[in-house]
Amino acid sequence: MIYFIGAGPGAPDLITVRGKNILERADVIIYAGSLVNPALLENAKEECKIYNSAAMTLEEVIDVMVSASKLGKQIVRLHTGDPCIYGAIREQMDLLDTYHLEYEVVPGVSSFIGAAAALKAEYTLPDVSQTVILTRMAGRTPVPEKEEISKLASHGATMVVFLTTTMLEELSKKLIAGGYAPDSPAAIVYKATWEDEKVVRTTVENIAPAAKENGINKMALILVGGFLGTEYERSKLYDPAFSHEFREASKS
């Protein structure tokens with residue numbers, strides 16, 4: 001069996017119990033280079049073969065999987081965060097299908113969740129935002145034209161921008177062009193949940209200078225929206241005047 005496992009955002013104890021148990025039994029581990037905390041590899045068996053996919057092509061990764069599968073080995077493909085977000089697992093699974101090999105996906109804690117924890121923030125606040133947009137700027141990997149940053153920004157929703165740390169000046173311009181005020185709250189979270197995590201609170205117009213001032217040029221998420229502010233409405237679920245299936249509204 002081949003397992004695609006989400007390693008979590010960084011801290012080694014944020015991998016799921018299921019993921020850790022499978023990792024400890026693996027005969028072969030292919031992990032995503034500097035994105036995965038190497039401390040997780042300490043759970044591997046002594047005889048486990050470990051490959052760093054940073055130096056491998058897709059075809060080389062698949063070759064390792066196919067060869068090990070023919071020998072009846074248990075294989076782990078260890079991805080950062082959760083594999084379903086910018087994990088490039090679809091192309092791997094489609095190739096494995098051509099070899100009629102079985103695989104399973106084990107979910108993980110995404111870095112955007114780790115970033116919210118680092119900020120002690122809630123992405124969805126009543127009367128502020130009930131939508132979270134996970135996106136990226138177009139780079140070597142293009143973005144569909146209808147998902148261009150300024151168009152997404154026009155919704156005024158909570159935004160989490162991945163894989164964009166080298167394009168922050170352009171990001172600010174597009175966010176402002178889309179409708180965010182220059183002084184809208186923003187945050188930069190570098191290596192969420194890692195030991196060297198860094199959190200920088202700033203504004204949309206100052207994202208690039210704030211990142212430069214703090215020496216951040218990679219492995220960071222950019223978060224934008226009113227959820228970083230101080231104004232919001234209380235949840236109706238716990239409002240004394242609100243009735244639901246489990247509680248009657250207070251009469252007083």
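By the count of the working numbering, the sequence shown reaches residue 252 at its end, each step adding exactly one.
Think of the CB as a built atom: it goes at the ideal place given N, C-alpha and C, for glycine as much as any other residue.
Cβ atoms of methionine 56 and isoleucine 30: under 9 Å apart, would you say? Translated into the one-based positions of the sequence shown, residue 30 becomes position 30. Translated into the one-based positions of the sequence shown, residue 56 becomes position 56. Yes, the pair counts as a contact, with Cβ atoms nearer than the cut-off.
Assign arginine 201 to buried or exposed, taking buried as 16 or more other Cβ atoms, counted over all protein chains shown, within 10 Å of its Cβ. Within the sequence shown, numbered from 1, the residue matching residue 201 stands at position 201. With fewer than 16 other Cβ atoms within 10 Å, it is exposed.
Residue burial classification, asparagine 217 (beta-carbon count within 10 angstroms, cutoff 16): Reading the sequence shown from its first residue, position 217 is the one you call residue 217. Answer is exposed; the Cβ neighbour count stays below 16.
What is the DSSP secondary structure of methionine 159, reduced to helix, strand or coil? Translated into positions along the sequence shown, residue 159 becomes position 159. In the structure shown, methionine 159 sits in a strand (DSSP, three-state: E or B).
Enumerate in chain order the residues of its own chain whose CB-to-CB distance from isoleucine 22 is below 7 Å, with the five nearest sequence positions on each side excluded. Position 22 of the sequence shown, counted from the start, is the residue given in the question as residue 22. Result list for isoleucine 22: Tyr3, Ile5, Val76 and Val106, in chain order.
Spatial neighbours of glycine 179 within its chain, please: CB distance less than 7 Å, with the 5 preceding and 5 following residues excluded, ordered by chain position. As a position in the sequence shown, residue 179 is number 179, starting the count at 1. Excluding residues within five positions, the ones whose Cβ falls inside 7 Å are Ala153, Ser154 and Gly156.
So which of Glu248, Leu101, Leu41 and Thr230 has the shortest CA-CA distance to tyrosine 238? Position 238 of the sequence shown holds residue 238. Taking only the C-alpha atoms, the option nearest tyrosine 238 is Glu248.
Given alanine 208, which residues of its chain have a CB within under 7 Å of its CB, disregarding the five upstream and five downstream residues? The sequence position of residue 208 within the sequence shown is 208, counting from 1. Excluding residues within five positions, the ones whose Cβ falls inside 7 Å are Leu168, Glu169 and Ser172.
My assumption, with CB atoms under 8 Å, is that isoleucine 62 sits in contact with leucine 40. Please give the rounded CB distance. One-based indexing of the sequence shown puts residue 62 at position 62. One-based indexing of the sequence shown puts residue 40 at position 40. Between isoleucine 62 and leucine 40, the beta carbon gap of about 22 Å keeps them out of contact (Cβ cut-off 8 Å).
How close, in whole Å, do the beta carbons of valine 17 and alanine 115 come, if the pair is a contact with beta carbons under 8 Å? Sequence index remark: in the sequence shown, residue 17 carries index 17 (1-based). Sequence index remark: in the sequence shown, residue 115 carries index 115 (1-based). Actually they do not touch by this definition, with Cβ atoms about 23 Å apart.
Report the CB separation of threonine 131 from threonine 158 in whole angstroms; it is logged as a contact under 8 Å. Numbered from its first residue, the sequence shown carries residue 131 at position 131. Numbered from its first residue, the sequence shown carries residue 158 at position 158. The pair is a contact, with the Cβ atoms about 7 Å apart (cut-off 8 Å).
Measuring only the C-alpha atoms, how far is tyrosine 103 from leucine 134? For the purposes of this step, residue 103 is taken as residue 103 along the sequence shown, with counting starting at 1. For the purposes of this step, residue 134 is taken as residue 134 along the sequence shown, with counting starting at 1. Going from the Cα of tyrosine 103 to the Cα of leucine 134 covers about 26 Å.
CA-CA distance, glutamate 59 and alanine 68? Locating residue 59 in the sequence shown gives position 59, counting from the first residue. Locating residue 68 in the sequence shown gives position 68, counting from the first residue. C-alpha separation (whole angstroms): 14 Å.
Quick check on arginine 140: does DSSP put it in helix, strand or coil? Along the sequence shown, read from residue 1 onward, the residue named residue 140 stands at position 140. The answer is coil: DSSP assigns arginine 140 none of H, G, I, E or B.
Compare the beta carbon distance of lysine 54 and alanine 32 with 9 Å and say whether it is the shorter of the two. Along the sequence shown, one-based indexing puts residue 54 at 54. Along the sequence shown, one-based indexing puts residue 32 at 32. The sequence shown places alanine at residue 54, rather than the lysine named in the question. The answer is yes: Cβ separation under 9 Å.
With 16 other Cβ atoms within 10 Å as the buried cut-off, status of tyrosine 123: In the sequence shown, residue 123 corresponds to position 123, counting from 1. Under this definition tyrosine 123 is a buried residue.
So serine 150 packs on alanine 186, CB below 8 Å; how close in whole Å? What you label residue 150 is simply residue 150 of the sequence shown in a count that begins at 1. What you label residue 186 is simply residue 186 of the sequence shown in a count that begins at 1. In this structure serine 150 does not touch alanine 186 by the C-beta definition: roughly 15 Å separates them, more than the 8 Å allowed.
Rounded to the nearest angstrom, what separates threonine 193 and valine 36 at their Cα positions? In the sequence shown, residue 193 corresponds to position 193, counting from 1. In the sequence shown, residue 36 corresponds to position 36, counting from 1. Those two C-alpha atoms are separated by around 12 Å.
Hey, quick one: how far does the beta strand (DSSP E) through glycine 6 stretch, first residue to last? Walking along the sequence shown from the start, residue 6 turns up at place 6. Residues 2-6.
On the DSSP bridge assignment, give the partners of glutamate 104 in chain order. Along the sequence shown, read from residue 1 onward, the residue named residue 104 stands at position 104. Tyr3.
Tell me the rounded alpha-carbon separation between serine 183 and phenylalanine 112. On the sequence shown, position 183 is the one that residue 183 refers to. On the sequence shown, position 112 is the one that residue 112 refers to. The sequence as given places aspartate at residue 183; serine does not occur at that position. Cα to Cα, the separation comes out at about 22 Å.
Under the assumption that serine 110 contacts glycine 139 (Cβ atoms under 8 Å), give the Cβ distance between them as a whole number of angstroms. Residue numbering aside, residue 110 sits at position 110 when the sequence shown is read from its first letter. Residue numbering aside, residue 139 sits at position 139 when the sequence shown is read from its first letter. About 20 Å; that fails the 8 Å criterion.
Limits of the beta strand (DSSP E) - the one that lysine 49 falls within: Along the sequence shown, one-based indexing puts residue 49 at 49. From DSSP, the beta strand (DSSP E) with lysine 49 extends over 49-52.
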